[in-house]
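Residue numbering for the sequence shown is 1 to 206, as defined by the numbering used here.
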Amino acid sequence: MKLYDSHRAPNPRRVRWVMAEKGIEDVEIVPVDIMSGEHKTAEYRARVGVPHVPALELDDGTTLSESVAICRYLEALYPEPNLFGHDAREQALVEMWTRRCEFYLANPIMLNVRHTHPALAALEATLLPQMAEYNRVAAERFMKTLDRHLGEHAYIALDRFTIADVVAVVGLDFARLIKYRPPEEFTNLARWLADCHARPASKVGV
Numbered sequence: 001m002k003l004y005d006s007h008r009a010p011n012p013r014r015v016r017w018v019m020a021e022k023g024i025e026d027v028e029i030v031p032v033d034i035m036s037g038e039h040k041t042a043e044y045r046a047r048v049g050v051p052h053v054p055a056l057e058l059d060d061g062t063t064l065s066e067s068v069a070i071c072r073y074l075e076a077l078y079p080e081p082n083l084f085g086h087d088a089r090e091q092a093l094v095e096m097w098t099r100r101c102e103f104y105l106a107n108p109i110m111l112n113v114r115h116t117h118p119a120l121a122a123l124e125a126t127l128l129p130q131m132a133e134y135n136r137v138a139a140e141r142f143m144k145t146l147d148r149h150l151g152e153h154a155y156i157a158l159d160r161f162t163i164a165d166v167v168a169v170v171g172l173d174f175a176r177l178i179k180y181r182p183p184e185e186f187t188n189l190a191r192w193l194a195d196c197h198a199r200p201a202s203k204v205g206v
């Protein structure tokens with residue numbers, strides 16, 4: 001298998017994190033320079049179908065895109081440690097919180113960073129400060145919800161680390177590019193974030 005990866009982009013880091021949690025080492029990493037537009041070339045589009053990273057090319061030539069879908073495929077091949085839930089109840093909870101963390105936290109943070117950091121102007125037609133501020137406020141609104149939830153739970157979806165935690169922590173870490181930190185009042189969120197950063201997998205491929 002080959003993973004088409006862009007080192008600084010957040011979505012590929014989700015896959016690298018999952019690979020590290022599971023000890024997956026037999027995947028070839030193929031760097032893709034998104035700042036030069038390599039992901040938009042005809043060759044890349046023909047292979048992946050969309051100008052996005054990451055993409056996982058299987059041995060039979062099938063190519064998967066979308067980070068969570070790739071992680072779910074890897075979970076099927078390497079089921080331990082379990083990151084997507086064992087039974088129907090766990091799987092539904094993980095899916096629910098993963099979608100929440102992606103829609104209400106990771107995506108708004110990505111848009112905030114991309115419309116704030118000058119070096120990322122190449123990825124946007126126009127930098128929009130209003131877009132950045134709107135999405136920062138939206139992300140912090142969900143952080144407040146997450147902080148309350150984490151006051152009663154060690155991790156986001158289950159009583160153990162899952163893909164929902166990966167999506168959330170990688171999203172928050174991306175904001176380091178603009179030296180953003182969550183508001184100090186969110187102490188439960190800070191505790192959870194420290195626990196995630198203490199995991200050996202958090203350091204792999206960063």
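Positions of the beta carbon are idealized from the N, C-alpha and C atoms, including for glycine.
Small disclaimer: the values here were computed from a predicted structure and weren't measured.
Query: Does DSSP put Ile24 in a helix, a strand or coil?; Result: coil
Query: Per DSSP, which one or two residues make a beta bridge with Glu57?; Result: Lys2, Thr63
Query: So, helix, strand or coil for Val48, using DSSP?; Result: helix
Query: Got a sec? Which residues, its chain only, sit under 7 Å from Phe174 by beta carbon, not counting five neighbours each side?; Result: Pro10, Ile109, Met110, Val113
Query: Check this for me: beta carbons of His83 and Glu21, under 9 Å apart or not?; Result: In the sequence as displayed, the identity of residue 83 is Leu instead of His. Cβ distance < 9 Å, so Leu83 and Glu21 count as in contact.
Query: With DSSP as the reference, identify every bridge partner of Pro31, one or two as the case may be.; Result: Asp5
Query: Can you name the start and end residues of the alpha helix (DSSP H) that Tyr134 belongs to?; Result: 129-150
Query: How big is the Cα-Cα spacing for Glu152 and Phe186?; Result: 13 Å
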